[in-house]
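Presented below is the structure to which this report refers.
In the numbering used here, the protein residues as written are 38 to 381.
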């Protein structure tokens, strides 16, 4: 019987950019065409000779690999190990935003896929300007990453954010983007803040404003999620989710129209969620396995949803995204998972 090793690949998806953890440091690229298995001739130990499974319809071709970290263990100092997590695309800025462990990498969409197709060599993470050093074991076998156009890492000496020395693996707990090029970052124990994507392609770090608790009533002390919503008046609001006390989950709302001087506003949003996707006038949430759709103006003032969509018996909705017009959701029950479009 053949044994397969599944590795993540980057494929062109016109509406959404999705990625899970990537572990492919020593594995060869998949074939350029469907239906072809590729053996790993240079893999170590018992993995030698095992196959990368052939892909099939609806995937028509392999585009490339942008991160490679299969042989890197979890490090919590110097640079916390980079794994591929959430990704988002801004059509207004034509930029792709990647959450890489506890860091952010930003890529111009106009060159990202052509760089992958051209098999641009990946760069060892040890060659990026993070902190003064990596642990010696980490530096000896670092992650490989497609060199980004801009980046951010809160604990870098190049960052203007203040951090504390603390154990733990991943420090980014969520991010959101607006149409002005601002990246809203929930950075757990390091607070939350906004970073400006200038559109540069020189590998420079994004800078912005970091917000720490000001000891006001029910203020979040460690952010776990963040979402930016634009209203019909042109104002921008950041909804920051997290805990103010053990077992208590809150949503603080900030008027972020002036990103460097965000102001907390009331009433605050009370609905927690597991996935969210805003458009110019609607926001869809996944909460307790169901879909909630809000008008943005009502959303930021804790108004009721326009529509609540319950899942079919025995199932639940898992995630939501948008192309700016339609919402796309996943639905899971005990037998299958499906992905479908929901008109906004």
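The C-beta atom is built at its ideal place from N, Cα and C for all residues, glycine as well.
Can you check which of these residues, the options, is closest to residue i by C-alpha distance?
| i | options | result |
| --- | --- | --- |
| residue 369 | 183, 101, 146 and 348 | 348 |
| residue 93 | 365, 67, 111 and 104 | 67 |
| residue 279 | 290, 115 and 95 | 290 |
| residue 379 | 373, 361, 372 and 371 | 361 |
| residue 201 | 216, 228, 181 and 221 | 228 |
| residue 302 | 328, 248, 275 and 341 | 275 |
| residue 192 | 204, 297, 182 and 70 | 204 |
| residue 244 | 250, 238 and 233 | 233 |
| residue 366 | 373, 356 and 374 | 356 |
| residue 212 | 157, 143 and 251 | 143 |
| residue 323 | 112, 118, 287 and 342 | 342 |
| residue 118 | 158, 141 and 127 | 141 |
| residue 187 | 239, 318 and 346 | 239 |
| residue 131 | 178, 148 and 115 | 148 |
| residue 97 | 346, 80 and 69 | 69 |
| residue 250 | 277, 179, 266 and 264 | 277 |
Any idea what DSSP makes of residue i, helix, strand or coil?
| i | result |
| --- | --- |
| residue 148 | helix |
| residue 45 | Because residue 45 carries a pLDDT of 34, less than 50, the predicted location of this residue cannot be relied on, and no value is offered for it. |
| residue 173 | helix |
| residue 139 | coil |
| residue 164 | helix |
| residue 232 | strand |
| residue 372 | coil |
| residue 384 | Because the chain here runs from 38 to 381, residue 384 falls outside it and cannot be looked at. |
| residue 363 | strand |
| residue 340 | coil |
| residue 209 | coil |
| residue 58 | For residue 58, the predicted model reports a pLDDT of 37, less than 50, meaning its position is unreliable and no value from the coordinates is stated. |
| residue 345 | strand |
| residue 159 | coil |
Sort out for me which residues DSSP pairs residue i with in a bridge.
| i | result |
| --- | --- |
| residue 276 | 264 and 290 |
| residue 332 | 319 |
| residue 102 | Answer by DSSP bridge pairing: none, since residue 102 is not bridged. |
| residue 327 | 324 |
| residue 66 | Per DSSP, none; premise fails for residue 66. |
Using a C-beta cutoff of 8 Å, does residue i count as contacting chain C?
| i | result |
| --- | --- |
| residue 242 | The structure shown contains no chain C; it holds only a single protein chain. |
Over the uninterrupted beta strand (DSSP E) stretch that includes residue i, give me the two end residues.
| i | result |
| --- | --- |
| residue 124 | 121–127 |
| residue 223 | 219–223 |
| residue 245 | 244–248 |
| residue 301 | 300–302 |
| residue 190 | 187–190 |
- Task: Specify whether the region 252–262 and the region 160–167 touch according to this definition: at least 3 beta carbon pairs, one from each stretch, less than 8 Å apart.
- Result: no
- Task: Decide yes or no for the touch test of the region 122–131 against the region 102–114: beta carbon pairs closer than 8 Å, at least 3 of them.
- Result: no
- Cβ contact (3+ pairs, closer than 8 Å) linking the region 311–327 and the region 292–299: no
- Indicate whether the contact test is met: 3 or more Cβ pairs, each with one atom in the region 206–220 and one in the region 150–161, closer than 8 Å. Taking a cut-off of 8 Å on C-beta distances, the region 206–220 does not touch the region 150–161, as fewer than three cross pairs fall below it.
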